[in-house]
Amino acid sequence: MQVSVLASGSKGNAVYVEMDGCRLLLDAGISATRIKKALLAQGVDAASLDGVLITHEHRDHIAGLVTLSKWYHLPIFSRRATFENMSCRAQLPPECICPVESGFKLAGLSVTPFSTSHDAADPVGYRIQGSQCMALATDLGFVTANVQAAIEGADTLVLEANHDPEVLKNGSYPWPLKRRILSNRGHLANSDAAWAIARMKRRPQKVFLAHLSEENNRPDLARDTVQAILERQGIRQEIIMTSQTEAVSG
463 MQVSVLASGS KGNAVYVEMD GCRLLLDAGI SATRIKKALL AQGVDAASLD
513 GVLITHEHRD HIAGLVTLSK WYHLPIFSRR ATFENMSCRA QLPPECICPV
563 ESGFKLAGLS VTPFSTSHDA ADPVGYRIQG SQCMALATDL GFVTANVQAA
613 IEGADTLVLE ANHDPEVLKN GSYPWPLKRR ILSNRGHLAN SDAAWAIARM
663 KRRPQKVFLA HLSEENNRPD LARDTVQAIL ERQGIRQEII MTSQTEAVSG
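Sequential numbering from 463 applies to the sequence shown in the numbering used here.
Here it is in structure tokens:
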């Protein structure tokens with residue numbers, strides 16, 4: 463299994479997953495040109511993707527979707543309400559739109575969308591199962607029991623560590639935006655990400671900490687916070703930090 467976080471953060475998100483010969487893109491929140499170049503740098507032709515999985519309709523997850531679909535006519539999978547609320551819905555080729563409400567098979571892999579708590583129409587994370595298991599859970603205000611169950615047993619986990627609450631509260635954001643981020647339908651704090659990992663019965667081989675806020679977090683702060691909590695629980699875990707500007711593989 464290969465997992466590459468092409469970009470992660472409030473300016474755009476995209477994750478490439480290759481498993482058992484199946485190639486998937488999770489979210490397309492950066493330009494199609496950047497996605498194409500990032501994949502080519504890893505020896506992957508974007509035209510060879512088996513599908514694009516969209517978590518929700520916010521721009522930082524779909525910004526490159528229209529151009530990507532017009533270039534390659536890839537099948538796009540997401541919840542029906544997500545498609546209906548996309549600002550670019552009318553520009554997507556109808557034959558590319560594949561609404562899904564439950565688990566499905568794609569090129570030999572089992573793909574299971576699971577609901578997340580975020581201020582979008584019907585947001586999801588994804589669990590992808592083949593010879594190994596990968597799970598993505600970003601853009602969630604808190605880790606519900608449903609999310610905790612969905613990430614359990616993942617060999618590779620892409621998990622949000624968006625902010626440090628104190629940095630956020632003392633930062634320059636207006637209070638309504640701070641309140642949104644801190645809410646149960648906002649974004650996940652570093653410590654909450656750590657406890658989600660700690661609660662897993664079988665720990666992942668690798669954890670990517672994703673969707674870090676440039677304003678309300680720092681890579682070293684996110685890593686140190688998560689590792690400190692895990693170490694106090696006697697847990698040693700490989701942590702990989704993602705980037706808004708550079709692809710990170712693991």
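Heads up, the beta-carbon is just placed ideally off N, CA and C, and yes, glycines get one too. Since this is a predicted model, take the numbers as computed values, not measurements.
Less than 9 Å separating the beta-carbons of residue 511 and residue 492? Contact flag unset, no.
If you draw a straight line from the C-alpha of residue 703 to the C-alpha of residue 599, how long is it? The alpha-carbon of residue 703 is positioned some 15 Å away from that of residue 599.
Same chain only: Cβ atoms within 8 Å of residue 484, ignoring 5 sequence neighbours per side: Hits under 8 Å: 512, 568, 569, 570, 571, 592.
In chain order, which alpha helix (DSSP H) runs of at least 4 residues are fully inside the segment 591-619? 607-613, all fully within the segment 591-619.
Can you tell me whether residue 699 is buried or exposed, with buried defined as 16 or more other CB within 10 angstroms of its CB? That one is buried.
Tell me whether residue 643 sits in a helix, a strand or coil according to DSSP, three-state version. Helix.
Decide yes or no for the touch test of the segment 626-645 against the segment 655-662: beta carbon pairs closer than 8 Å, at least 3 of them. Too few Cβ pairs lie closer than 8 Å, so no.
DSSP has residue 574 in a bridge; who is on the other side? Answer is 589, bridged to residue 574.
Can you tell which of 691, 692, 649 has its C-alpha closest to the C-alpha of residue 675? Residue 675 has its Cα closest to that of 649, out of 691, 692, 649.
If contacts are defined as beta-carbon pairs under 8 Å, then residue 603 and residue 647 qualify, I think. What distance do you get, rounded to the angstrom? About 5 Å separates the beta carbons of residue 603 and residue 647, which is inside the 8 Å limit, making them a contact pair.
What is the DSSP secondary structure of residue 629, counted as helix, strand or coil? Reduced to three states, the DSSP call for residue 629 is helix.
Which one of 530, 505, 520, 504 has the shortest CA to CA distance from residue 514? Minimum Cα distance to residue 514 is reached at 530.
Could you have a look at residue 487 and say whether DSSP puts it in helix, strand or coil? Annotated three-state conformation of residue 487 is strand, per DSSP.
DSSP three-state label for residue 504, please. The answer is coil: DSSP assigns residue 504 none of H, G, I, E or B.
Is residue 502 buried or exposed, if buried means 16 or more other CB atoms sit within 10 Å of its CB? Classification of residue 502: exposed, given that the 10 Å Cβ count is below 16.
Whole-Å CB distance - residue 656 paired with residue 692, under 8 Å assumed: For a cut-off of 8 Å, the C-beta gap from residue 656 to residue 692 is around 6 Å, short enough to register as a contact.
Grouping DSSP H, G and I as helix and E and B as strand, with all else coil, what is residue 676? Coil, per DSSP.
In the DSSP assignment, what are the bridge partners of residue 480? Residue 480 is bridged to 464, 485.
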